[in-house]
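Using this note's numbering, read the sequence shown as starting at -7 and increasing by one per residue. All C-beta atoms in this analysis are idealised placements derived from N, C-alpha and C, irrespective of residue type, glycine included. These figures come from a predicted structure and were not determined experimentally. Read the structure below first, then the notes.
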Amino acid sequence: MNELSHVFLIFPGIVIGLVVAAPIGPVNLICIRRTLQYGFLNGFVSGLGAALGDGLFAIVTGFGLTAISQLIEGLSLALQLAGGTLLLCFGLYTYFSQPPSRFDTKAENGDKAGRTLARSMASTFALTITNPATLLGFTAMFTGLGGLAGDNPSFFAAAFVVGGVIVGSSLWWLALTLGVGLLHARIDDRVMRIINHGSGLLVAAFGLGVLGHVAYRLL
């Protein structure tokens, strides 16, 4: 496969990124809630944190970093324990948190807003990379690309697929947060409290499910 043909590998990469990001799970719920509460930018940046996590797993899989892949698989239980704990904490925090008033949200200064966005991105990145199942999903889907990339994929082939994954995942978060963001101005504090309670319970339930799975495997 010549280098020009490698460019076309970005398209299956985009599909993989969309497939990985689209299923409604805890990160989707967190991004939806943040978009409704803080607006489009916070929700989209939160989604980008997840896209970077997907990109990291895509790099490990696409470039054949076997040692890192085996290390992640070996730490599967520890990562699931950390991820489940984070989800449970996020859920409880969301449930009990009071939504800030619209005035307070708009009056945030630049430094505080920047720190908030950085924390939003870091939190979803952490949740994504503590889910080893994502790595297994990438392994399966990248294996299916064997016929497209050749028996021995080159650096360029892997780079275009990985780039496509990040683009595809980012496109999903852009579409989701743009759509949800249309409702941001129409939601008052009472409705936001209901959303906090509902999404908090669901995210905490995801966390308890992960922790229950870890406990089952340890018994």
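Using a Cβ-Cβ cut-off of 8 Å (strictly less than) and excluding sequence neighbours within five positions of residue i, which residues of its own chain qualify?
i               : result
threonine 77    : Gly199 and Leu203
leucine 10      : Gly160, Ser161, Leu163 and Trp164
phenylalanine 3 : Gly156
valine -1       : Phe152
leucine 210     : Leu69
isoleucine 6    : Gly156, Val157, Val159, Gly160 and Leu163
alanine 42      : Ala13, Val19, Cys23, Thr116, Phe117, Leu119, Thr120, Ser161 and Trp165
How big is the Cα-Cα spacing for residue i and residue j?
i                : j                 : result
glycine 192      : tyrosine 87       : 5 Å
glutamine 72     : phenylalanine 147 : 31 Å
glycine 17       : serine 68         : 19 Å
leucine 80       : alanine 74        : 10 Å
isoleucine 8     : alanine 114       : 22 Å
phenylalanine 55 : histidine 189     : 42 Å
leucine 40       : methionine 133    : 21 Å
glutamine 62     : valine 37         : 30 Å
serine 89        : leucine 168       : 23 Å
arginine 111     : glutamate 65      : 27 Å
alanine 196      : asparagine 123    : 15 Å
threonine 53     : threonine 126     : 11 Å
tyrosine 85      : leucine 194       : 12 Å
glycine 83       : leucine 109       : 19 Å
valine 206       : threonine 131     : 22 Å
tyrosine 208     : isoleucine 51     : 31 Å
proline 15       : arginine 26       : 18 Å
The alpha helix (DSSP H) that contains residue i, what's its start and end?
i              : result
glycine 54     : 32 to 54
leucine 169    : A small fix is needed here, since residue 169 is threonine in this sequence, not leucine. Looking at the DSSP string, the run of the alpha helix (DSSP H) that includes threonine 169 is 147 to 173.
asparagine 188 : 181 to 210
glutamine 90   : Per DSSP, glutamine 90 belongs to no alpha helix (DSSP H) and is neither H nor E.
valine 11      : 2 to 13
What does a CB cutoff of less than 6 Å around residue i pick up in its chain, not counting 5 residues either side in sequence?
i                : result
alanine 13       : Ser161 and Trp164
isoleucine 24    : Val172
phenylalanine 95 : Bear in mind that the predicted position of phenylalanine 95 carries a pLDDT of just 48, short of 50, making it too unreliable to give a figure here.
leucine 21       : Ser191, Leu194 and Val195
Would you mind sorting residue i into buried or exposed? The rule is 16 or more other CB atoms within 10 Å of its CB.
i              : result
arginine 107   : exposed
isoleucine 186 : exposed
valine 183     : exposed
alanine 99     : Residue placement at alanine 99 is poorly supported in this model, since its pLDDT is 48, which falls under 50; the coordinates still yield a value, given next. Label assigned to alanine 99: exposed.
glycine 35     : buried
Give a single yes or no on whether residue i has its beta carbon closer than 7 Å to a heavy atom of the ligand ADP.
i            : result
tyrosine 208 : With respect to the ligand ADP, the structure offers nothing, as it holds no ligand at all.
Excluding the five sequence neighbours on either side, which residues of its own chain have a C-beta within less than 7 Å of the C-beta of residue i, listed in chain order?
i              : result
isoleucine 121 : Gly45 and Leu48
arginine 178   : none
glycine 129    : Val12
Examine the Cβ distances between the region 200 to 208 and the region 37 to 49 and report whether three or more of them are shorter than 8 Å.
no
So, do the region 30 to 37 and the region 170 to 181 have three or more beta carbon pairs nearer to each other than 8 Å?
yes
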